[in-house]
Amino acid sequence: DGDLPIARKKSLQRFLEKRKERCRAPPPDAG
Amino acid sequence: PPMAGIVNQETLQQRLQALIEGARESWTYAIFWQSSVDVSNGASFLAWGDGYYKGCEEDKRKMLPSPATSAADQEHRKKVLRELNSLISGAAVAGEDAVDEEVTDTEWFFLVSMTQSFLNGAGFPGHVLFTAAPAWVAGTERLAAAGCERVRQAQTFGIQTMVCVPVGGGVVEFGSTDLIYQNIDIVDKVKVLFNFNFGGGG
């Protein structure tokens, strides 16, 4: 990943982490 | 070429988040396109600086497959996300990194945006950099008929409103799956949050 510009890599990292957290969260109608 | 300033990267993410989370309307994402100069030919261009993805209602209903996305599209998106996960973590994808949930249209649009850049005057952000004036496009028909490929592309992924505002060191773009008519408040807020881009930042 050496050639992935640092700005894109940081944003991608943050996006993927937030997505994992969102996917772990129970669906809104889980009550 | 625009004044090439040192953009305060540290506070960029917080400012993008403050813009989206603090807004009255429901915005899906915000991106800071950073202005740069190609040393080989002196051309100024915009490239990905940072982005904030809030998501939208569609993300919360993601258990239901989106009718517009074919199974093949979904499989391709999940494959790309698995590869990105291993690219970032530097290891083969473990169970936790497996991508089971559907990759929504707006998530995919945000990811695709990370790969894009725009010459001064080209594309929606490049046009705004060139004119140095904010631009607001609202309504599915308007987005679909826009002269910029990026705006037409956004519409295919469910975006109904797209805004670009020129700031110090680049252009701030934000969009929504909602139809949001032009209002000066959020444009002013962008200028307050981002026009201290150089050095200390606010």
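If you're matching them up, the sequences are chains A and B in order.
Counting in my numbering, the first sequence runs from 52 upward without gaps.
Counting in my numbering, the second sequence runs from 72 upward without gaps.
Backbone N, C-alpha and C fix where the C-beta goes; we use that ideal spot for every residue, glycine too.
It should be emphasised that the depicted structure is a prediction, and the values quoted were computed from it without experimental measurement.
DSSP state of residue i mapped onto helix, strand, coil
i	result
TRP179(B)	helix
CYS74(A)	helix
PHE228(B)	coil
LEU83(B)	helix
PRO196(B)	helix
ASP57(B)	This structure does not reach residue 57(B), given that chain B is present from 72 up to 273, and the question cannot be answered.
VAL261(B)	helix
ASP144(B)	helix
GLN88(B)	helix
VAL277(B)	Because chain B spans 72 through 273 in this model, residue 277(B) falls outside it and cannot be assessed.
SER160(B)	helix
Buried or exposed (CB count within 10 angstroms, at least 16 for buried), residue i
i	result
ASP109(B)	exposed
GLY194(B)	buried
GLY93(B)	exposed
THR175(B)	buried
LEU135(B)	A caution first: LEU135(B) carries a pLDDT of 48, below 50, which makes its placement in the model unreliable, though a value can still be read off. Answer is exposed; the Cβ neighbour count stays below 16.
PHE66(A)	buried
GLU173(B)	buried
GLN226(B)	buried
ARG148(B)	buried
TYR124(B)	buried
ARG75(A)	exposed
ILE255(B)	exposed
SER111(B)	exposed
CB-CB length for residue i against residue j, believed under 8 Å
i	j	result
GLU96(B)	SER247(B)	7 Å
LEU90(B)	LYS260(B)	6 Å
PHE103(B)	VAL243(B)	6 Å
THR186(B)	GLY126(B)	Between GLY126(B) and THR186(B) the Cβ distance is about 20 Å, and since that is not below 8 Å, they are no contact.
Residue j beta carbon less than 9 Å from that of residue i
i	j	result
GLY120(B)	LEU155(B)	no
PRO151(B)	LEU182(B)	It is worth fixing the name first, because residue 151(B) is Val in this sequence and not Pro. Closer than 9 Å, so yes.
GLY240(B)	GLN105(B)	yes
LEU250(B)	ALA209(B)	yes
ALA206(B)	VAL238(B)	no
GLY122(B)	SER160(B)	no
8 Å Cβ cut-off: residues of chain A touching residue i
i	result
ILE159(B)	ASP52, LYS60, LEU63, GLN64 and LEU67
ASP121(B)	ALA58, LYS61 and SER62
LEU155(B)	LEU63 and LEU67
TYR124(B)	PHE66 and LYS69
PHE181(B)	PHE66
Contacts of residue i in chain A (Cβ-Cβ under 9 Å)
i	result
PHE116(B)	Correct list: empty, because the minimum Cβ distance to chain A is about 13 Å.
Any C-beta of chain D under 9 Å from that of residue i
i	result
GLU172(B)	This model lacks chain D altogether; the protein chains it does include are A and B.
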